[in-house]
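Q: Below is a structure I'd like to ask you about.
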Amino acid sequence: MLALRRLIFETARTTRGVGALQETLKWGQPSYLTPQTNSGSTIRIDQVKSAAGQYAVYFHCQTNLVETFRELYPTQLRFEGNRSIVLDVKDVLPRAELRHCVALALTYHLNKRKAVR
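Residue numbers (the working numbering): 1467 to 1583.
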């Protein structure tokens, strides 16, 4: 979980348009928001309570983020519905794929605004 937290902050720092992240708790889960720029959709991380040894990166279920991730990484990542990427503590963290997914989430609103123009 700490490695995932670091990855989220590193990605925010190196992704154009994101600005400073705010770390807070939502529903008792560490959550990451972009209040300075409003560029992104909230990202949450937590253990999967129903599955020992698993944890997840949660995204707003009313976005198309997980659908997009599923198209980009159909075999590299595991998903739960339209809300999360599920990881296992025994596995190596798929850094490149997660970094890309986190960057897309942190720029979700920014990219939507660009598409409207």
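Built from N, CA and C at the ideal position, the CB exists for glycine as well.
1) Hey, is the segment 1529 to 1537 in contact with the segment 1545 to 1557, meaning 3+ C-beta pairs nearer than 8 Å?
2) Residues in its own chain within less than 6 Å of Leu-1553 by CB, not counting five upstream and five downstream?
3) Once DSSP output is grouped into helix, strand and coil, what is the label at Leu-1487?
4) Which runs of the beta strand (DSSP E) at least 3 residues long sit entirely within the segment 1529 to 1561? Give them in chain order.
5) Under 7 Å Cβ to Cβ from Arg-1583, same chain only, skipping five residues before and after it: list those, please.
6) Exposed or buried, what is Thr-1480 when buried is set at 16 or more other beta-carbons lying within 10 Å of its beta-carbon?
A: Here's the rundown:
1) yes
2) Residue 1553 sits at position 87 when you count from the first residue of the sequence shown. If we look at Leu-1553 and ignore the five residues flanking it on each side, its Cβ neighbours are Tyr-1521.
3) Along the sequence shown, one-based indexing puts residue 1487 at 21. Three-state result, Leu-1487: coil.
4) Within the segment 1529 to 1561, the complete beta strand (DSSP E) runs of at least 3 residues are 1544 to 1546, 1550 to 1554.
5) To locate residue 1583, count along the sequence shown from 1; it is residue 117. Only weak support exists for where Arg-1583 lies, its pLDDT of 45 falling under 50; the value from the coordinates is given anyway. Cβ within range, chain order: n/a, list empty.
6) As a working mapping, residue 1480 is identified with position 14 in the sequence shown. Counting Cβ neighbours within 10 Å, Thr-1480 comes out exposed, since fewer than 16 surround it.
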